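Data first, discussion second: the structure below is written as structure tokens.
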Ligand code: LLP
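In the working numbering, the protein residues as written are 4 to 430.
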């Protein structure tokens with residue numbers, strides 16, 4: 004973990020994994036498995052660490068809700084002072100339900116619908132980050148209908164290549180679908196300045212996720228600074244620079260640590276040069292390390308010389324290993340000291356359903372609990388009902404207390420929206 008970040012929220016006491024002061028076994032018994040567990044202490048610690056790194060800079064942290072939209076987590080971050088970054092009408096609704104006000108919310112997304120744009124305008128968000136000329140026209144038109152003048156930012160594609168990340172989570176390279184291409188920004192700004200219902204107040208970038216070094220931020224910011232100069236010269240009253248998310252999380256030993264001090268100086272110096280306010284949109288940085296997924300071993304078997312640990316969580320619960328080749332640490336909740344090299348797989352009817360492949364891991368027996376670590380971000384939010392599996396429960400831990408904050412889905416939930424008596428109509 005990064006310098007100064009809490010490292011012992013998940014620890015072994017008397018041979019058993021605890022989250023803060025709560026035994027993982029207690030949670031699994033109370034909530035069943037699979038279950039996602041989140042540590043409030045980790046969220047608080049990381050919020051304070053990032054806020055401290057940014058303390059000399061006019062700035063606001065807008066947590067990227069897409070990483071984990073659990074209401075208890077959102078409320079905790081709100082109490083700490085965070086705003087949020089939303090990318091859909093559903094995320095905006097969740098943010099509002101968690102108590103965020105319009106001024107605490109910025110909104111992005113390459114494919115906002117007219118309805119989502121209208122909802123964002125009516126909620127009086129701090130900023131709508133626009134990603135294309137066509138979207139700009141629509142935002143201006145809808146704002147006109149609503150009778151509002153809307154603060155907007157442009158998400159710019161800074162065209163920065165990033166190393167070492169899975170190609171699905173690099174977003175700011177030339178030709179990606181996101182943002183306004185660098186070369187089109189000034190002309191699009193001139194178009195915005197001629198529109199009565201938008202006010203261009205920010206430029207935004209998000210170069211990618213899990214950024215191993217500060218270089219992509221540095222390169223992106225340099226390009227953004229050049230554009231800010233040009234956009235100001237054509238008359239836009241720019242106030243915000245949004246550098247997106249991307250602070251990394253160490254999933255396994257050797258993974259990059261977030262360099263918060265370096266990040267703070269880099270963005271701080273840029274804001275002083277520009278005399279602007281910073282927005283950051285970290286998602287994973289707050290939510291990944293706060294979470295584990297607990298799953299119970301259903302079976303052991305060997306096949307063709309391979310060992311399998313078959314657990315009750317699968318790719319529908321945690322898709323990152325199969326979708327991004329992500330490697331999550333896996334430990335037994337009560338390790339015996341014995342080791343095994345095995346595939347940890349789930350019950351889904353796909354060979355791509357795995358949580359760990361060829362892993363040297365704690366040997367576990369049927370009925371044992373396994374913890375999949377750093378599983379708080381892009382996990383529950385990406386869960387599906389594939390194979391008609393109800394989604395897992397979510398539990399928040401705070402010190403010696405814990406609560407189920409999202410109930411496990413039931414079979415009824417799986418069928419709730421299917422109509423018994425569909426209304427057939429003639430076309
Ligand atoms: N801002 C924008 C515009 C984004 O697109 C993202 C993430 C973030 C902020 C937050 O990025 P973070 O700080 O979490 O890296 N499902 C993938 C990650 C997808 C990231 C999408 N955008 C995964 O599990 O690795």
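Backbone N, C-alpha and C fix where the C-beta goes; we use that ideal spot for every residue, glycine too.
No experiment lies behind these values; they were computed from the predicted model shown.
- If you check the C-beta of residue 224 against ligand 1, you find no heavy atom less than 7 Å away.
- The alpha-carbon of residue 370 is positioned some 24 Å away from that of residue 42.
- Residue 209 has its CB nearer than 7 Å to a heavy atom of ligand 1.
- Residue 103 and residue 61 have their C-alpha atoms some 20 Å from each other.
- In this structure, the straight-line span from the alpha carbon of residue 113 to that of residue 98 is close to 19 Å.
- The three-state secondary structure of residue 262, taken from DSSP, is coil.
- For residue 383, the distance from the CB to the nearest heavy atom of ligand 1 is not below 7 Å.
- For residue 358, the shortest separation between its Cβ and any heavy atom of ligand 1 does not lie below 7 Å.
- DSSP places residue 405 in the uninterrupted beta strand (DSSP E) bounded by 404–409.
- In the DSSP assignment, residue 235 falls within the unbroken alpha helix (DSSP H) covering 218–236.
- The bridge partners DSSP lists for residue 309 are 306.
- Apart from sequence neighbours up to five positions away, the residues of its chain that approach residue 7 with a beta-carbon distance below 7 Å are 52, ordered along the chain.
- In this structure, ligand 1 has no non-hydrogen atom nearer than 7 Å to the beta-carbon of residue 135.
- In the structure shown, residue 176 adopts coil according to DSSP, grouped into three states.
- Looking at the backbone, the Cα of residue 146 and that of residue 188 are separated by about 21 Å.
- By the 16-neighbour rule on beta-carbons within 10 angstroms, residue 199 is exposed.
- Residue environment: residue 125 is assigned as exposed (fewer than 16 neighbouring CB atoms within 10 Å of its CB, all protein chains considered).
- Taking the Cα positions, residue 411 is about 40 Å away from residue 219.
- Separation of residue 395 and residue 150 (C-alpha to C-alpha, rounded to the nearest whole angstrom) is 43 Å.
- Within the stretch 105–143, complete beta strand (DSSP E) segments of at least 3 residues are found at 108–110 and 130–133, given in chain order.
- A direct Cα-Cα distance of roughly 6 Å separates residue 86 from residue 66.
- DSSP, reduced to helix, strand and coil, places residue 41 within a strand of the structure shown.
- If you draw a straight line from the Cα of residue 334 to the Cα of residue 323, it comes to about 17 Å.
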